[in-house]
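Student: Shown below is the structure under consideration.
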Amino acid sequence: MQVSKRNVSPILKKQIEKMWYQLVVDIKTPQDAEVILGGLLSETELEAVTKRLAVGYWLSNGRSYENIRENLKVSSATIAAIAQELKKPEWTSALQRVKAEEWATKWETRINKLFNPRS
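Heads up: the sequence shown begins at 2 in this note's numbering, then just goes up one per residue.
As C-alpha coordinates, this is what we get:
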(Lines of atoms letter the chains of each structure in order from A; the text may use other names.)
(Lines give C-alpha, C1' and ligand atoms only; values in the text may rest on other atoms or scores of the structure.)
Protein backbone atom coordinates (compact mmCIF):
# COMPACT_ATOMS: atom_id res chain seq x y z
CA MET A 2 0.00 0.00 0.00
CA GLN A 3 1.33 3.40 -0.90
CA VAL A 4 0.76 6.39 1.34
CA SER A 5 -1.14 9.10 -0.48
CA LYS A 6 0.44 12.52 -0.77
CA ARG A 7 -3.00 13.98 -0.11
CA ASN A 8 -3.49 14.51 3.61
CA VAL A 9 -6.61 13.50 5.49
CA SER A 10 -8.13 16.05 7.84
CA PRO A 11 -6.22 16.53 11.11
CA ILE A 12 -9.28 15.44 13.11
CA LEU A 13 -9.67 12.21 11.15
CA LYS A 14 -5.92 11.58 11.37
CA LYS A 15 -6.09 11.84 15.18
CA GLN A 16 -9.09 9.50 15.31
CA ILE A 17 -7.49 6.76 13.23
CA GLU A 18 -4.17 7.09 15.08
CA LYS A 19 -6.04 6.75 18.39
CA MET A 20 -7.74 3.62 17.04
CA TRP A 21 -4.32 2.16 16.11
CA TYR A 22 -2.79 2.98 19.51
CA GLN A 23 -5.77 1.44 21.30
CA LEU A 24 -5.41 -1.74 19.25
CA VAL A 25 -1.72 -1.97 20.17
CA VAL A 26 -2.51 -1.46 23.86
CA ASP A 27 -5.23 -4.13 23.77
CA ILE A 28 -2.92 -6.84 22.40
CA LYS A 29 -2.04 -8.97 25.41
CA THR A 30 0.39 -11.67 24.25
CA PRO A 31 3.24 -11.98 21.78
CA GLN A 32 1.23 -14.66 20.00
CA ASP A 33 -1.74 -12.32 19.59
CA ALA A 34 0.59 -9.56 18.42
CA GLU A 35 2.06 -11.87 15.79
CA VAL A 36 -1.37 -12.84 14.48
CA ILE A 37 -2.96 -9.40 14.57
CA LEU A 38 -0.04 -7.23 13.46
CA GLY A 39 1.15 -9.89 11.04
CA GLY A 40 -2.27 -9.79 9.43
CA LEU A 41 -2.57 -6.00 9.35
CA LEU A 42 0.93 -5.05 8.25
CA SER A 43 2.54 -6.03 4.98
CA GLU A 44 5.77 -8.02 5.18
CA THR A 45 7.67 -4.87 4.24
CA GLU A 46 5.97 -2.74 6.90
CA LEU A 47 6.57 -5.34 9.61
CA GLU A 48 10.20 -5.78 8.57
CA ALA A 49 10.79 -2.02 8.59
CA VAL A 50 9.38 -1.61 12.10
CA THR A 51 11.15 -4.63 13.56
CA LYS A 52 14.47 -3.69 11.98
CA ARG A 53 14.19 -0.15 13.40
CA LEU A 54 13.67 -1.59 16.86
CA ALA A 55 16.53 -4.08 16.42
CA VAL A 56 18.92 -1.35 15.25
CA GLY A 57 18.05 0.79 18.27
CA TYR A 58 18.37 -2.16 20.63
CA TRP A 59 21.74 -3.23 19.26
CA LEU A 60 23.07 0.34 19.28
CA SER A 61 22.01 0.71 22.91
CA ASN A 62 23.93 -2.49 23.67
CA GLY A 63 27.11 -1.19 22.03
CA ARG A 64 27.10 -3.09 18.75
CA SER A 65 29.13 -1.52 15.98
CA TYR A 66 27.60 0.01 12.87
CA GLU A 67 29.40 -2.62 10.79
CA ASN A 68 27.98 -5.49 12.82
CA ILE A 69 24.46 -4.06 12.64
CA ARG A 70 24.76 -3.30 8.91
CA GLU A 71 25.96 -6.82 8.11
CA ASN A 72 23.49 -8.68 10.30
CA LEU A 73 20.34 -6.63 9.74
CA LYS A 74 21.10 -5.67 6.14
CA VAL A 75 20.48 -1.97 6.73
CA SER A 76 22.47 1.01 5.50
CA SER A 77 24.88 3.05 7.59
CA ALA A 78 22.60 6.04 6.95
CA THR A 79 19.67 4.19 8.53
CA ILE A 80 21.79 3.25 11.54
CA ALA A 81 23.01 6.84 11.93
CA ALA A 82 19.46 8.19 11.73
CA ILE A 83 18.25 5.77 14.40
CA ALA A 84 21.31 6.57 16.55
CA GLN A 85 20.16 10.20 16.56
CA GLU A 86 16.62 9.18 17.46
CA LEU A 87 17.84 7.17 20.47
CA LYS A 88 18.17 10.48 22.32
CA LYS A 89 14.39 10.89 22.27
CA PRO A 90 12.46 9.84 25.39
CA GLU A 91 10.17 7.63 23.29
CA TRP A 92 13.13 5.48 22.29
CA THR A 93 14.40 5.37 25.87
CA SER A 94 10.99 4.17 27.04
CA ALA A 95 10.70 1.56 24.29
CA LEU A 96 14.17 0.15 24.92
CA GLN A 97 13.61 0.06 28.69
CA ARG A 98 10.51 -2.05 28.07
CA VAL A 99 12.37 -4.42 25.75
CA LYS A 100 15.22 -4.80 28.23
CA ALA A 101 12.83 -5.29 31.17
CA GLU A 102 11.09 -8.10 29.29
CA GLU A 103 14.46 -9.63 28.42
CA TRP A 104 15.51 -9.46 32.09
CA ALA A 105 12.22 -10.98 33.29
CA THR A 106 12.45 -13.83 30.80
CA LYS A 107 16.04 -14.57 31.82
CA TRP A 108 15.14 -14.72 35.52
CA GLU A 109 11.98 -16.73 34.87
CA THR A 110 14.13 -19.35 33.14
CA ARG A 111 16.64 -19.42 36.00
CA ILE A 112 13.93 -19.72 38.65
CA ASN A 113 12.18 -22.49 36.73
CA LYS A 114 15.46 -24.42 36.47
CA LEU A 115 16.04 -23.98 40.19
CA PHE A 116 12.61 -25.30 41.20
CA ASN A 117 12.10 -27.70 38.28
CA PRO A 118 15.57 -29.04 37.48
CA ARG A 119 14.17 -31.70 35.11
CA SER A 120 12.49 -29.20 32.77
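Ideal Cβ positions, reconstructed from N, Cα and C, are used throughout, including at glycine.
Report buried or exposed for residue 63, applying the criterion of at least 16 other Cβ atoms within 10 angstroms of its Cβ.
Tutor: In the sequence shown, residue 63 corresponds to position 62, counting from 1. Flag for residue 63 reads exposed.
Student: By the 10 Å Cβ neighbour count, where 16 or more other Cβ atoms means buried, how is residue 80 classified, buried or exposed?
Tutor: The residue labelled residue 80 in the question sits at position 79 within the sequence shown. Flag for residue 80 reads buried.
Student: How many Å lie between residue 54 and residue 17 at the Cα?
Tutor: Looking up residue 54 in the sequence shown gives position 53. Looking up residue 17 in the sequence shown gives position 16. Spanning the two alpha carbons is a distance of roughly 23 Å.
Student: What number of angstroms, rounded off, separates the C-alpha of residue 39 from the C-alpha of residue 47?
Tutor: Within the sequence shown, the letter at position 38 stands for residue 39. Within the sequence shown, the letter at position 46 stands for residue 47. Rounded to whole angstroms, residue 39 to residue 47 spans 7 Å at the Cα level.
Student: Touch check for the stretch 64 to 74 and the stretch 93 to 101: three-plus C-beta pairs under 8 Å?
Tutor: Output reads no: the stretch 93 to 101 does not touch the stretch 64 to 74.
Student: Mind checking residue 22: buried by the 16 CB within 10 Å criterion, or exposed?
Tutor: Position 21 of the sequence shown, counted from the first residue, corresponds to residue 22. When all chains shown are included, residue 22 counts as exposed.
Student: State the start and end residues of the unbroken alpha helix (DSSP H) segment that holds residue 80.
Tutor: The residue labelled residue 80 in the question sits at position 79 within the sequence shown. Residue 80 -> alpha helix (DSSP H) spans 77 to 86.
Student: Can you check whether the CB of residue 52 is closer than 7 Å to the CB of residue 25?
Tutor: Indexing the sequence shown from 1 puts residue 25 at position 24. Indexing the sequence shown from 1 puts residue 52 at position 51. No, these two residues do not count as a Cβ contact at 7 Å.
Student: For residue 106, which three-state DSSP category applies?
Tutor: Position 105 of the sequence shown, counted from the start, is the residue given in the question as residue 106. Correct three-state label for residue 106: helix.
Student: Counting along the chain, where does the alpha helix (DSSP H) carrying residue 29 start and finish?
Tutor: Position 28 of the sequence shown, counting from 1, holds the residue named residue 29. Looking at the DSSP string, residue 29 is not in any alpha helix (DSSP H), and its letter there is neither H nor E.
Student: DSSP state of residue 98, grouped into three classes?
Tutor: Numbered from its first residue, the sequence shown carries residue 98 at position 97. Correct three-state label for residue 98: helix.
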